[in-house]
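Worksheet: the structure to be examined is printed underneath.
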Amino acid sequence: MTGTVAVTGATGFVGQAIVETLLRSGWRVRALVHRRGLDDTLTGALETVSGGLGDEAALTRLLEDVDAVVHVAGKVRGRAARDFRPVNADGVERLARLALARPEPPRFILISSLAAREPGLSHYAASKREGESRLTGLAAGSAMRCAVLRPPAVYGPGDRELLPLFQTMARGLAPVLGRAGARASLLHVNDLAAAVAKLLAGEAEGTYELHDGTPGGYSWGDIAAIVAAAAGRRPGRRLLVPGLLLRGLAGLNLAAATLLRYQPMLTPGKVRELRHPDWVCDNTALTRDTGWRPAIRLRDGLQPLLGSSGPRTNEGMSNVH
């Protein structure tokens with residue numbers, strides 16, 4: 006199946022990769038553009054609608070005569086629940102209601118986050134889980150088919166969250182920000198985009214986790230060793246960052262953000278996410294229902310990144326954890 010697909014968050018790290026993959030797959034793409042434009046390589050290759058998730062007129066134009074919606078836009082920085090909910094929960098509901106109001110409701114794919122599996126950890130995680138619940142609640146019993154993807158930490162060209170950590174490890178210092186025994190899955194952004202294309206090509210519905218295919222995920226030591234191998238260097242010195250120190254820094258950062266009115270990334274909630282012991286995913290359901298399989302393992306995905314000049318622009322509204 007191909008046709009016209011509406012994409013939100015198209016100017017961000019994940020959104021651009023999805024747009025590129027869908028264009029290559031034969032889809033016509035209509036992108037919601039908020040403040041910042043698309044990569045120059047995409048200019049002229051797709052239709053754009055200017056506006057944000059709070060603009061119902063723009064969303065109505067975005068959804069006109071589309072066959073599918075891929076909702077990528079999300080807020081990852083904030084001080085309190087009220088910073089996340091307008092985008093991650095209210096925005097999902099607004100877009101879903103407008104999609105349902107179409108004479109033929111489009112297929113709806115929500116890019117959520119593995120953090121939604123543990124909504125009690127942070128305001129961000131709670132808002133992502135709430136967005137999922139609002140979508141699936143609206144879609145239940147309706148003509149709109151929907152699927153939710155819960156990716157783990159995503160890296161790749163354009164990443165500005167994980168790449169600095171990988172670069173630090175490649176230079177010989179391997180900070181351990183989580184618990185010593187913690188394990189986590191990872192995913193290359195191109196594999197995430199390929200999963201979206203697979204979902205759009207079929208009729209699978211449900212909530213799906215996905216990862217790069219490494220059974221049991223990675224420990225901090227595994228990641229440090231793979232980064233060193235990808236960079237062609239010896240493994241760096243491990244530096245265990247105490248949880249007490251991280252929590253103290255996060256508390257200070259949150260206080261400063263409140264005083265100076267900026268949107269922080271490091272908060273007490275983010276520290277709880279970082280120190281959660283199990284962020285391991287399972288591909289079984291997604292592979293069974295769509296045939297999708299990951300193609301890029303961590304070492305292969307890191308080699309071009311660690312030898313590159315740096316990431317492309319990311320507007321900070323379309324990342325996932």
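One gets this note's numbering by counting positions in the sequence shown from 1 and adding 5 to each. Every residue, glycine too, gets a C-beta built ideally from N, C-alpha and C.
What does the Cβ neighbour count give for Y267, buried or exposed, with the cut at 16 atoms within 10 Å? exposed
Helix, strand or coil for Y267 per DSSP? coil
Please state whether DSSP places E123 in a helix, a strand or coil. coil
Got a sec, what are the start and stop residues for the beta strand (DSSP E) G211 sits in? G211 to E214
Going by DSSP in three states, W225 sits in which element: helix, strand or coil? helix
Tell me which same chain residues have a C-beta within less than 6 angstroms of the C-beta of V54, skipping the five on either side of it? L37, A63, R66 and L67
Measuring CA to CA, which of A235, A131 and V201 is closest to G296? V201
Where the alpha helix (DSSP H) through E278 begins and ends: P273 to L279
Is there a Cβ of chain C sitting closer than 9 angstroms to that of L291, yes or no? Here chain C cannot be found, since the structure has a single protein chain.
Is I231 helix, strand or coil when you go by DSSP? helix
Taking the straight line between their C-alpha atoms, what separation do you get for G136 and A145? 14 angstroms
Starting from the N-terminal side, write out each stretch of the alpha helix (DSSP H) that is 4 residues or longer and does not extend beyond the stretch 70–100. 86–93
For I301: DSSP bridge partner residues: I301 pairs with nothing; no bridge assigned.
Which value, in whole angstroms, describes the spacing of the CA atoms of L182 and V246? 5 angstroms
Expected contact under 8 angstroms - CB spacing of R112 and A148 to nearest Å: Between A148 and R112 the Cβ distance is about 10 angstroms, and since that is not below 8 angstroms, they are no contact.
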